[in-house]
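Undergrad:
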Amino acid sequence: MGEDDTIGFESLKQTLVYWNMDDYPIPVDTTDDLDPVFRDILKALHVMGFREGSMRVYLYSEQINREGALVDWTLPESETYGACFYKVPDITLYMIRDSSFYRAGPVNYFVIAKPKRELHRVLHCLQSRRHNVLLVKPPPPDEEFLFSVASLLENARFLGGGKPRFKELYVSYASEYDMCFEEYVDIPEDLSKTVDFSERIPTVRGPRTAVFWDAVDCPFPPSSSPDEIYHSISSALVERYLSDNITIWAYLDDDDDDKKGSALLGGDKTWTSRIYFLPGGDKASRRIRMLNDMFLLARDSPQCSSYDASLVLFADQFIGAAYYINMLQRLDDIRYHILLVTPTLDINKPETPQWPGLLMDRGAASFALETSKISEAHAAAEEEETPKKLDTHGKLLSETEDMKKPESSECPGRQIDGGSGWGSSEEPCPRKHKAGAAEETSDAAVGVGTS
């Protein structure tokens, strides 16, 4: 399929438009009234075969430290479109979360943003999960993009190439694929392949433990093989009453010159354990990718019972960063047991025999509610331990003081999507909005919707 080939296309699903205002500024002559722009986007989508008849537009900025209000116009509202404004460190997490808000999905994505590494990866992940992904081809340097029907039709491409144009494919809405069928389709496991979230992950039912490990901030023993690393971590987790059905994802800095890391990332999987080494980029990029992968797991492998799945995160970039802590809290809200392990100099010692148990005992904190079976089991075991052993092995805290304290300079830790948490039946935008300037907080969200 060529980049400019025309493809007959029809979709009767909801369309979500993500518009990066840093990459594509609002046209100067339309800042007072976005209605004409939204109407042209809707018309262009109709010509391209997106026939559901309505859309949601997410205007966003990732320049979270920029001073002043980023929007000072009234967001338009009509029966066929609504809009929200996000000010967030990275929009990709919201794309993943929104993929499951609409239960009759898969929803369509129309992305007006310049390609970036994690954005490109996440869009491919969504495409492999049957979401139609449409991108706008960037204009030449120093040229403003014109949001006219003609310009949108000329520059919009499917991810991977091709210009969609309407062709009737479905007799009715019910004829199109419905993602609710996914719960009846099990994805088999192949231990010879790396599970990197580029497609739906293998299906796991019942209790399980998923580990997301920053292998730069929490290094592994240098002489250990992947199987030995897996055995050490899994043994320590089982000793602390987590499920023995364990999968580990370890994130490396693929921009680094570390030869061992390059071999783990670039070669075939030659070990048998469920430990997968993934490229994470620099420190900030690893934090974003790890969180995105946690939400992809929650999307692909929803749990059947409260707290039968544990998500264990080893990283030093979350405590004190209230925006990211808030996102972890959302996973706890949908009854995943979240265990956050933060390494400090006195316990981050992979060369010692106590590794990794010391990390878990002295660096762990949990969002778990009182109903968490894991927390209850651990608390019961602590009561039986001797004072001497408790001196050596600390307890799992329900929440550290650091979590309560500081709001990060990056973003305040409050909910910003207007919903009641990921996975709820509520739509991610509020349904009404009073005109006014955007908040000057670093993760402000302003929303309107249909009435």
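Those letters in the sequence shown? Residues 1 to 451, per the UniProt record's numbering, in order. In this text, a Cβ means the ideal position worked out from N, Cα and C, and glycines have one as well.
Give me the Cα-Cα distance between D417 and D4, rounded to the nearest whole angstrom.
TA: Here residue 417 refers to the residue found at position 417 when the sequence shown is read from its first residue. Here residue 4 refers to the residue found at position 4 when the sequence shown is read from its first residue. Bear in mind that the predicted position of D417 carries a pLDDT of just 31, short of 50, making it unreliable; the figure below should be weighed with that in mind. Taking the straight line from one Cα to the other gives about 36 Å.
Undergrad: How many angstroms separate the CA atom of D256 from the CA atom of R287?
TA: Taking the first residue of the sequence shown as position 1, residue 256 is located at position 256. Taking the first residue of the sequence shown as position 1, residue 287 is located at position 287. Rounded to whole angstroms, D256 to R287 spans 16 Å at the Cα level.
Undergrad: Look up T92 in the DSSP assignment and say whether it is helix, strand or coil.
TA: Numbered from its first residue, the sequence shown carries residue 92 at position 92. Of the three classes helix, strand and coil, the one that applies to T92 here is helix, per DSSP.
Undergrad: Is there contact here, the region 307-315 with the region 288-296, by at least three beta-carbon pairs under 8 Å?
TA: Yes, the region 307-315 is in contact with the region 288-296.
Undergrad: Return yes when the Cβ of W19 is within less than 8 Å of the Cβ of V47, no when it is not.
TA: Stepping through the sequence shown from its first residue, residue 47 is reached at position 47. Stepping through the sequence shown from its first residue, residue 19 is reached at position 19. No; because the gap between Cβ atoms is not below 8 Å, this pair is not in contact.
Undergrad: What number of angstroms, rounded off, separates the C-alpha of F147 from the C-alpha of M55?
TA: Residue 147 sits at position 147 when you count from the first residue of the sequence shown. Residue 55 sits at position 55 when you count from the first residue of the sequence shown. Roughly 16 Å between the two C-alpha positions.
Undergrad: Since A309 sits in a beta bridge, which residues does DSSP pair it with?
TA: Counting from one through the sequence shown, the residue named residue 309 turns up at place 309. Looking at the DSSP assignment, A309 forms a beta bridge with R208.
Undergrad: Rounded to the nearest angstrom, how far is the Cβ of S306 from that of R330, given a contact under 8 Å?
TA: Within the sequence shown, numbered from 1, the residue matching residue 306 stands at position 306. Within the sequence shown, numbered from 1, the residue matching residue 330 stands at position 330. With a Cβ gap of about 15 Å, S306 and R330 do not count as contacting.
Undergrad: Are E77 and L12 touching if we call contact CB-CB under 8 Å?
TA: Position 77 of the sequence shown, counting from 1, holds the residue named residue 77. Position 12 of the sequence shown, counting from 1, holds the residue named residue 12. No, the pair does not count as a contact, with Cβ atoms beyond the cut-off.
Undergrad: Using a Cβ-Cβ cutoff of less than 6 Å, which residues in the same chain neighbour A381 once the five nearest sequence positions on both sides are dropped?
TA: Here residue 381 refers to the residue found at position 381 of the sequence shown. Reliability fails at A381, whose pLDDT of 44 lies under 50, so the model's placement of it is uncertain and no value is given.
Undergrad: Answer with buried or exposed for M327, where buried requires no fewer than 16 other C-beta atoms within 10 angstroms of its C-beta.
TA: The residue labelled residue 327 in the question sits at position 327 within the sequence shown. By the neighbour-count rule (16 or more Cβ atoms within 10 Å), M327 is buried.
Undergrad: DSSP state of L242, grouped into three classes?
TA: As a first step, residue 242 is located in the sequence shown; it is residue number 242 there, counting from the start. In this structure, L242 counts as coil in the three-state DSSP scheme.
Undergrad: Take S99 and list the residues in its own chain whose beta-carbon comes closer than 8 Å to its own, dropping the five residues that flank it on each side.
TA: Taking the first residue of the sequence shown as position 1, residue 99 is located at position 99. Contacts found: G105, P106, V107, L126, R129, H131, R299.
Undergrad: Are the beta-carbon atoms of K269 and T194 separated by less than 8 Å?
TA: By one-based count along the sequence shown, residue 269 stands at place 269. By one-based count along the sequence shown, residue 194 stands at place 194. Cβ distance < 8 Å, so K269 and T194 count as in contact.
Undergrad: In whole angstroms, what is the alpha-carbon distance linking Y60 and S151?
TA: Locating residue 60 in the sequence shown gives position 60, where the first residue counts as 1. Locating residue 151 in the sequence shown gives position 151, where the first residue counts as 1. Near 21 Å, if we compare the C-alpha coordinates of S151 and Y60.
Undergrad: Which residue's Cα is closest to the Cα of W213: E62, N348, T92?
TA: By 1-based counting over the sequence shown, the position of residue 213 is 213. The shortest C-alpha separation from W213 is found at N348.
Undergrad: Per DSSP, which one or two residues make a beta bridge with I275?
TA: Numbered from 1 along the sequence shown, position 275 holds the residue referred to as residue 275. Beta-bridge pairing links I275 to I248.
Undergrad: Under DSSP, the alpha helix (DSSP H) around I334 begins and ends at which residues?
TA: Walking along the sequence shown from the start, residue 334 turns up at place 334. It is not in any alpha helix (DSSP H) - I334 carries neither H nor E in the DSSP assignment.
Undergrad: P164 lies in the beta strand (DSSP E); which residues open and close that run?
TA: Here residue 164 refers to the residue found at position 164 when the sequence shown is read from its first residue. Per DSSP, P164 belongs to the beta strand (DSSP E) from 163-166.
Undergrad: Name the two residues that bound the continuous alpha helix (DSSP H) containing I112.
TA: Residue 112 sits at position 112 when you count from the first residue of the sequence shown. Element bounds for I112: not the alpha helix (DSSP H) but the beta strand (DSSP E), 108-112.
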